[in-house]
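Numbering (our numbering), first residue to last: 620 to 938.
Worksheet: one structure, shown below.
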């Protein structure tokens, strides 16, 4: 934890967090920065500008000679309205940002799930190492969105309470002379202020989506049974048995057939080879190119296999 005090280490940690969470986290941080800029401006207003504005409104009211006429009563209502409007400035934007951040977290969850399902489609198996990036992009935005929303709720509760107190203060200080039936000193304070809250509907959606997500991508444990002694295998037969083979056939249309069963994009060869070698360490990868296959596609497939740590055997057909 102490190493984060170093600016270089702190920047590396922030960059790693952004890369693991994906582009949605960057959007979340931008919305968070905007929200806290507005909250900071409101806090400064409450502490400094607000009291000066209320004093100015009281001075304008006391400068009137007549406090019993209908016009003076309307002028008092106007002064209170101006104080309320200034107190509520940017509050609607802050509330909207508080509600948007959980939805952005939900968007990150969906994009991360799409990436994980794409890995499962390309490899045909639940390889935890290949799915780790998608899982990070699915969980980190959700965590960030909830954390940002909670901090905003606390700030909004503080600001709403201070604004209510400020409007009540200016209303009480603008005194009316008795005997005029134009209302009471709290006429503009009867409306209930909107309370800051987090809409829990998207949060419930996040919970259910994460539940489905982890159920689909989980790896089931092998059941333990009674050990039974099996006959010893013939060592000579084991030596002569051919190793498992993964055949990558490059077609003339630019796609690659895996064991003549399913067709994939050449850029998806690396995860397929990694999944095969993880399941069959003794396996052999065979690269078979059609006579009219494009050379650059064949070279790309060969490079993808070598990046996966395998040097495939070539079986290029003559034209």
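For every residue, glycine included, the Cβ atom is placed at its ideal position computed from N, Cα and C.
Between residue 768 and the rest of its own chain, which residues show a CB-CB distance below 7 Å, the 5 nearest in sequence each way excluded? Counting from one through the chain shown, the residue named residue 768 turns up at place 149. Only 717, 720, 721, 817 meet the Cβ criterion.
What number of angstroms, rounded off, separates the C-alpha of residue 920 from the C-alpha of residue 886? Residue numbering aside, residue 920 sits at position 301 when the chain shown is read from its first letter. Residue numbering aside, residue 886 sits at position 267 when the chain shown is read from its first letter. Each residue's Cα considered, the two are about 7 Å apart.
Spatially closest choice to residue 889 from 724, 880, 725, 930, by CA coordinates: By 1-based counting over the chain shown, the position of residue 889 is 270. Closest option to residue 889, Cα to Cα, is 930.
Given a threshold of 16 other Cβ atoms within 10 Å of its Cβ, counted over all protein chains shown, does residue 932 qualify as buried or as exposed? What you label residue 932 is simply residue 313 of the chain shown in a count that begins at 1. Counting Cβ neighbours within 10 Å, residue 932 comes out exposed, since fewer than 16 surround it.
Helix, strand or coil for residue 903? Go by DSSP, reduced to three states. Position 284 of the chain shown, counting from 1, holds the residue named residue 903. Strand.
Please state whether the Cβ-Cβ distance between residue 949 and residue 643 is less than 8 Å. In this structure the chain extends from 620 to 938, so residue 949 is not present and cannot be described.
Keeping to the same chain, check which residues put their C-beta closer than 7 Å to that of residue 881; ignore five residues upstream and five downstream. Taking the chain shown and counting its residues from 1, one reaches residue 881 at position 262. No residues qualify anywhere along the chain.
Enclosing beta strand (DSSP E) for residue 867 [first to last residue]: Counting from one through the chain shown, the residue named residue 867 turns up at place 248. Here the beta strand (DSSP E) through residue 867 covers 864 to 869.
Within 10 angstroms of its Cβ, does residue 633 collect 16 or more other Cβ (buried), or is it exposed? Working through the chain shown from its first residue, we reach residue 633 at position 14. Exposed, since its Cβ has fewer than 16 Cβ neighbours within 10 Å.
Can you have a look at residue 676 and say buried or exposed, based on whether 16 or more other CB atoms are within 10 angstroms of its CB? Sequence index remark: in the chain shown, residue 676 carries index 57 (1-based). Residue 676 is buried by the Cβ-count criterion.
Note down, in chain order, each residue of its chain lying with its Cβ closer than 8 Å to the Cβ of residue 723, except the 5 sequence neighbours on either side. Indexing the chain shown from 1 puts residue 723 at position 104. If we look at residue 723 and ignore the five residues flanking it on each side, its Cβ neighbours are 643, 646, 647, 650, 760, 764.
Hey, how far is the Cα of residue 1014 from the Cα of residue 735? Nothing about residue 1014 can be read from this structure; the chain reaches only from 620 to 938.
Roughly how many angstroms lie between the CA atoms of residue 626 and residue 636, to the nearest whole one? As a first step, residue 626 must be located in the chain shown, where it is residue number 7. As a first step, residue 636 must be located in the chain shown, where it is residue number 17. Cα to Cα, the separation comes out at about 15 Å.
Hey, would you say residue 924 sits closer than 8 Å to residue 904, going by beta carbons? Position 305 of the chain shown, counting from 1, holds the residue named residue 924. Position 285 of the chain shown, counting from 1, holds the residue named residue 904. In this structure, residue 904 lies closer than 8 Å to residue 924 by Cβ.
Where are the alpha helix (DSSP H) runs, 4 residues long or more, that stay fully inside the segment 681 to 760, in chain order? 689 to 706, 710 to 742
Tell whether a beta-carbon distance below 8 Å holds between residue 669 and residue 700. Taking the chain shown and counting its residues from 1, one reaches residue 669 at position 50. Taking the chain shown and counting its residues from 1, one reaches residue 700 at position 81. Cβ distance not < 8 Å, so residue 669 and residue 700 don't count as in contact.
Residue 909 by DSSP, collapsed to three states: which one? Here residue 909 refers to the residue found at position 290 of the chain shown. Residue 909: coil per DSSP, three-state reduction.
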